[in-house]
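> Numbering (the numbering used here), first residue to last: 5 to 164. Glycine is no exception: its CB is placed at the ideal position from the N, C-alpha and C atoms. Bear in mind the structure is a predicted one, so any value in this text is a computation, not a measurement.
(1) Decide yes or no for the touch test of the region 20-31 against the region 82-92: beta carbon pairs closer than 8 Å, at least 3 of them.
(2) Report yes if the C-beta distance between residue 35 and residue 156 is below 8 Å; otherwise report no.
(3) Among 23, 64, 109, 66, which residue has its Cα nearest to the Cα of residue 199?
(4) Since residue 124 sits in a beta bridge, which residues does DSSP pair it with?
(5) How big is the Cα-Cα spacing for residue 140 and residue 122?
(6) Could you give the distance in angstroms between the alpha-carbon of residue 164 and the alpha-carbon of residue 152?
(7) Cα separation between residue 106 and residue 77?
(8) Can you find the residues in the same chain that come closer than 6 Å, C-beta to C-beta, to residue 159, ignoring five residues on each side of it along the sequence?
(9) First and last residue of the beta strand (DSSP E) that includes residue 49?
(10) Is it buried or exposed for residue 129, if we count other Cβ within 10 angstroms and need 16 for buried?
(11) With distance defined between alpha-carbon atoms, name the residue in 23, 104, 100 nearest to residue 114.
(12) Classify residue 74 as helix, strand or coil using the three-state DSSP reduction.
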């Protein structure tokens, strides 16, 4: 394994990233969450074609440290599934993560804006996407965390 990780090509970088994610993600998801998922204040998901889930795990863990409940749907969440989950769970904030421009489909954000909660297009993939002006853009995890906290303070909770 160390032979692979000591290489500096793209394949080795992918392997290193996946090993790191598999090591860190269980630690982050083991952090105690303040509430059950059915009452989540924040809904977190990857964009429809996005598979990088570590940023969502980091965000959920940071929110948990603040006593903010969240539900992580994970990788490759189709637009309709995310809209359905937002409609059923009625979180105050929904964040969709996109790591690359190739996975950032503005239609997914637009579809969610009609669902009611505040919407964050989180991750560097969204920075060059043509997003609606009512969408909140956060290019990294720290910005998404700050924006989520702000939206939770300033947005009224959705009706459950």
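From the atom records:
(1) no
(2) To locate residue 35, count along the chain shown from 1; it is residue 31. To locate residue 156, count along the chain shown from 1; it is residue 152. No.
(3) The displayed coordinates of the chain run from 5 to 164. Any statement about residue 199 would go beyond what the structure contains.
(4) Counted from its first residue, the chain shown places residue 124 at position 120. DSSP lists 99, 140 as partners of residue 124.
(5) Within the chain shown, the letter at position 136 stands for residue 140. Within the chain shown, the letter at position 118 stands for residue 122. About 8 Å.
(6) Counting from one through the chain shown, the residue named residue 164 turns up at place 160. Counting from one through the chain shown, the residue named residue 152 turns up at place 148. Low confidence applies to residue 164: its pLDDT is 45, below 50, so where it sits in the model is not reliable, and the reading given next is rough at best. So the two alpha carbons sit approximately 19 Å from each other.
(7) Here residue 106 refers to the residue found at position 102 when the chain shown is read from its first residue. Here residue 77 refers to the residue found at position 73 when the chain shown is read from its first residue. For residue 106 and residue 77, the distance between alpha carbons rounds to 20 Å.
(8) Taking the chain shown and counting its residues from 1, the one referred to as residue 159 is at position 155. The answer, listed in chain order, is 96, 122.
(9) For the purposes of this step, residue 49 is identified with residue 45 of the chain shown, where counting begins at 1. From DSSP, the beta strand (DSSP E) with residue 49 extends over 46-50.
(10) As a first step, residue 129 is located in the chain shown; it is residue number 125 there, counting from the start. The residue is buried, with at least 16 neighbouring Cβ atoms inside 10 Å.
(11) Within the chain shown, the letter at position 110 stands for residue 114. It is 100 whose Cα lies nearest to the Cα of residue 114.
(12) For this step, residue 74 is matched to residue 70 along the chain shown. In the structure shown, residue 74 sits in a strand (DSSP, three-state: E or B).
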